[in-house]
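In order, the protein sequence lines correspond to chains A and H.
Heads up: the first sequence begins at 1 in full-length UniProt numbering, then just goes up one per residue.
Heads up: the second sequence begins at 1 in full-length UniProt numbering, then just goes up one per residue.
Quick reminder that beta carbons are idealized off the backbone N, C-alpha and C, glycines included.
Note that the coordinates shown come from a computational prediction; the quantities given were computed from them, not determined experimentally.
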Amino acid sequence: MMLSAFLAVLVLALALSLLSGRGEAGQDPKHFFAARGQFGAVLFFLLSVGETYSIGSVLGFPGGIAASGSIDVALWFVGYILLAFPVGTILYPRLWQLGQRFGAITLPDLLGGYFDSRLVSCVSGCVLVVLMLPLGTMQFIGLGAVFSALALPVSTVILSSLAALLAFLFVASAGLRGAALTAALKDLLILIAIFCVALGAVFHWSDGAKMPLTAVLHGAGGRPVSSCTMIITTILTQAVGFCIAPQTAAAVFSARSPATIRRAQIWMPLYMVLFPLLAVVAFYGLTHPSVMTHPDRVFLSVATALLPPWMAGLVAGAVALTALVWLGAVCLSLAAIVTRSIVPHVPAAAQKRMGLGIIIAYLALSVVTAAAQTTLIVTLNRLFYVGLVQLLPAVLLCVCGYRVTPSRLLAGLAAGLVAGAGLFLSGVPMGGVSPALPGLAVNLLVLLQGRRPVRDSVSGANTREGDLCHASSEER
Amino acid sequence: MSVSCSGIRLRHGFLALPFCLVLLPLPFLYGASLRVMGVPLALVWLFACLPLTTLCLALAVRPGERETDR
Chain A
1 MMLSAFLAVL VLALALSLLS GRGEAGQDPK HFFAARGQFG AVLFFLLSVG
51 ETYSIGSVLG FPGGIAASGS IDVALWFVGY ILLAFPVGTI LYPRLWQLGQ
101 RFGAITLPDL LGGYFDSRLV SCVSGCVLVV LMLPLGTMQF IGLGAVFSAL
151 ALPVSTVILS SLAALLAFLF VASAGLRGAA LTAALKDLLI LIAIFCVALG
201 AVFHWSDGAK MPLTAVLHGA GGRPVSSCTM IITTILTQAV GFCIAPQTAA
251 AVFSARSPAT IRRAQIWMPL YMVLFPLLAV VAFYGLTHPS VMTHPDRVFL
301 SVATALLPPW MAGLVAGAVA LTALVWLGAV CLSLAAIVTR SIVPHVPAAA
351 QKRMGLGIII AYLALSVVTA AAQTTLIVTL NRLFYVGLVQ LLPAVLLCVC
401 GYRVTPSRLL AGLAAGLVAG AGLFLSGVPM GGVSPALPGL AVNLLVLLQG
451 RRPVRDSVSG ANTREGDLCH ASSEER
Chain H
1 MSVSCSGIRL RHGFLALPFC LVLLPLPFLY GASLRVMGVP LALVWLFACL
51 PLTTLCLALA VRPGERETDR
């Protein structure tokens, strides 16, 4: 029964994706990879809010709380996603305008166009591709947890390969439009799933609770200053990083206008109201240790223990769909970056074909790395942001209308990446400061050494009247 | 022009408000021993910030949209 419900969810999603792709054959690669300028507020909302309830949120968030028995993970996780929305409200409309100016559908496209340098486009594209590799791994680790909950007599690698095939079919049929429409089904199902599991936890709370919540859930630990510093610096760096993630940039360029983006942004924080319910599931796992077999799986373990099999199958299907839809959006961003920014002079007609080949390679690599990877989902998530945030100075120069030479920009980026990733991987204690921040400081030091950035004549004229006024004139 | 600039400043103020709501009380709430139904106060406050942030964004965006409609 559980397996039937699980498969029904995936078949429904595949049917929706294939239906949305009918009659779309032979379309422009810009429309396929980024659905450029096609999405109104609802589709833009569904696509860009996808990361709010990615598998990292649904499994990693309660898993992080349950693994540590501390609120630290919950604070930085909710904090950074929440504060990304005000940042996006300012940043996205400017990025959209610049995307229109340079015909960009990816961040490297935009940076290459703005700094008038193929090298900037290529290097930033390579950086993003390397950073996106753990994202695929992360989704397949989460999918492995879903397969474990189903307890199928088939190896995880084979099941992951089938999941990868499904993710490929989601995007191969209709590109980003297909991903956005499947995201609508995914969001509906995941909202129902979280609500049902949390409701089950509340109803069964008194059954077999080994200890009170106050005994198993810790507030500030032994080093509160260091922990608080870690939380605040992680929130700050990841809130900005969230806004320049490749899949976010693709969603921004898919919007119809800056007004569409602003309207959708308003409702995004409210969409996070199910995070308290995810926390309830984690608390249930902490107070009922017999239910929790593995921290990353607390959400699924509680669902399997408390819900009827068909509903637990529905929950597992919703979680799997979360990973697959998100993978689809990331795959499209990656394919667009490689075909447009890294491989030189790919004709438009060949971009879609080459992109699909890249998606297959990426999915295959992610399946293999997930099979060998044991790191917790949240750790991979943090490593992604440490690197991603090093592109922030370049993005800020664009949106604020300043220019530096491409060589200086790339030197800053390289220095920031080496410093940030080096500190993260070496585990040098820094009093809780996120490794992304010292990396960013080194990046800025190199970038601003010697000459100050010069004002861009076109952007300068626009921003003198204020971004709102400029947006208004474009929309008219 | 001055009306437009003050509008933009107000809009940016509303966008900065969620940062103040989330980050400024955090060092004080994080160490607090007070709990609501067993949940530390810092986490309860952060969850309360979800609707407050939507309110801030609604206040920040509306003036811009009015300008667009004009």
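Could you tell me whether the region 263-274 of chain A touches the region 407-417 of chain A, where touching means 3 or more Cβ pairs closer than 8 angstroms?
Verdict: no, contact absent.
Any residues in the region 79-107 of chain A with a beta carbon nearer than 7 angstroms to a beta carbon of chain H? Which ones, in chain order?
Answer set for the region 79-107 of chain A: G79, L82, L83, F85, P86, T89, I90.
For the alpha helix (DSSP H) that M132 of chain A lies in, which residues bound it at each end?
Element bounds for M132 of chain A: 118-150.
Using 8 angstroms for Cβ pairs, my map puts P258 of chain A next to P134 of chain A. What's the rounded Cβ distance?
Not quite, the Cβ-Cβ distance comes to about 32 angstroms (not below 8 angstroms), so this is no contact.
Do you know how far the Cα of L217 of chain A is from the Cα of residue 478 of chain A?
Outside the displayed range of chain A (1 to 476) lies residue 478 of chain A, so it cannot be described from this structure.
State the DSSP-derived secondary structure class of A104 of chain A, mapped to helix, strand or coil.
Of the three classes helix, strand and coil, the one that applies to A104 of chain A here is coil, per DSSP.
In whole angstroms, give me the CA-to-CA distance for A60 of chain H and H12 of chain H.
Going from the Cα of A60 of chain H to the Cα of H12 of chain H covers about 7 angstroms.
Under a CB-based cut-off of 8 angstroms, is F61 of chain A close to chain H?
It does not; no Cβ of chain H falls within 8 angstroms.
Taking only beta-carbon atoms, is V22 of chain H less than 8 angstroms away from chain A?
Yes, V22 of chain H counts as interfacial toward chain A.
If distances are taken between C-alpha atoms only, which option among A:K352, A:G88, A:A239 comes closest to T260 of chain A?
Nearest of A:K352, A:G88, A:A239 to T260 of chain A, Cα basis: A:G88.
Per DSSP, F39 of chain A is paired with what?
DSSP lists A:A255 as partners of F39 of chain A.
Within 10 Å of its beta-carbon, does K352 of chain A have 16 or more other beta-carbons around it, so buried, or fewer, so exposed?
K352 of chain A comes out buried.
With a threshold of 8 angstroms between beta-carbons, can I266 of chain A be considered close to chain H, or not?
So, interface residue.
Tell whether a beta-carbon distance below 8 angstroms holds between L26 of chain H and I231 of chain A.
Yes.
Please look up how many angstroms separate the CB atoms of S124 of chain A and A394 of chain A, rounded, as I've assumed it's under 8 angstroms.
About 7 angstroms; that satisfies the 8 angstroms criterion.
Please report whether the beta-carbon of A436 of chain A lies at a distance below 8 angstroms from any beta-carbon of chain H.
It does not: the Cβ of A436 of chain A has no partner Cβ on chain H nearer than 8 angstroms.
At the level of alpha carbons, what is the spacing between V225 of chain A and S4 of chain A?
The straight-line gap from Cα to Cα measures roughly 50 angstroms.
Between L57 of chain H and chain A, is the shortest Cβ-Cβ distance under 8 angstroms, so that the two count as touching?
It does: the Cβ of L57 of chain H has a partner Cβ on chain A nearer than 8 angstroms.
How about the region 297-309 of chain A and the region 322-335 of chain A: do they share at least three Cβ pairs that are nearer than 8 angstroms?
With the cut-off at 8 angstroms, the region 297-309 of chain A and the region 322-335 of chain A do not touch.
Verify the CB distance criterion: does A25 of chain A have a CB-CB separation below 8 angstroms to chain H?
Residue placement at A25 of chain A cannot be trusted, given a pLDDT of 48 that sits under 50; what the coordinates show is reported in the next sentence. No, because no Cβ of chain H sits closer than 8 angstroms to the Cβ of A25 of chain A.
Have a look at A:L444, A:A13, A:F85 and flag the residue whose alpha-carbon is nearest the alpha-carbon of M272 of chain A.
It is A:F85.
Below 8 angstroms on C-beta distance, what does V61 of chain H contact in chain A?
Ordered by position in chain A, the residues that pass the 8 angstroms Cβ test against V61 of chain H are T89, R262, R263, Q265, I266.
What does P27 of chain H reach in chain A if we use C-beta pairs closer than 7 angstroms?
Per Cβ cutoff of 7 angstroms: C228.
Exposed or buried, what is I158 of chain A when buried is set at 16 or more other beta-carbons lying within 10 Å of its beta-carbon?
Label assigned to I158 of chain A: exposed.
At what residues does the alpha helix (DSSP H) containing I342 of chain A begin and finish?
Note, I342 of chain A: premise wrong, no alpha helix (DSSP H); not H, not E.
Hey, is M272 of chain A's beta-carbon within less than 8 angstroms of any beta-carbon in chain H?
Closer than 8 angstroms: yes.
Counting beta carbon pairs with one atom in the region 194-209 of chain A and one in the region 356-369 of chain A, are three or more of them shorter than 8 angstroms?
No: the two stretches stay apart, fewer than three of their Cβ pairs being nearer than 8 angstroms.
Residue range of the alpha helix (DSSP H) that S68 of chain A falls in?
That run of the alpha helix (DSSP H) goes 61-68.
Is the Cβ-Cβ distance between A67 of chain A and A320 of chain A less than 8 angstroms?
Not a contact, by the Cβ cut-off of 8 angstroms.
Against chain A, does G13 of chain H count as a neighbour if the rule is that its beta carbon must be under 8 angstroms from one of theirs?
Not one chain A Cβ lies under 8 angstroms of G13 of chain H.
Quick one: give me the first and last residue of the alpha helix (DSSP H) that F242 of chain A is part of.
Element bounds for F242 of chain A: 224-243.
Report the option in A:G387, A:A215, A:P108 whose CA atom is closest to the CA atom of G241 of chain A.
Comparing Cα positions, the closest option is A:G387.
What are the partner residues of H218 of chain A, as DSSP defines its beta bridges?
Partner(s): A:S70.
Nearest to L47 of chain A by CA position, among A:L236, A:P276, A:L14, A:T322, is which residue?
Answer by Cα proximity: A:T322.
So if DSSP puts Y402 of chain A in a beta bridge, which residue, or which two residues, is it bridged to?
Its beta-bridge partners are A:R455.
Look up L40 of chain H in the DSSP assignment and give the residues it is bridged to.
The question names Leu, but residue 40 of chain H is Pro in the sequence shown. DSSP, once it has assigned bridges, lists H:R35 as partnering P40 of chain H.
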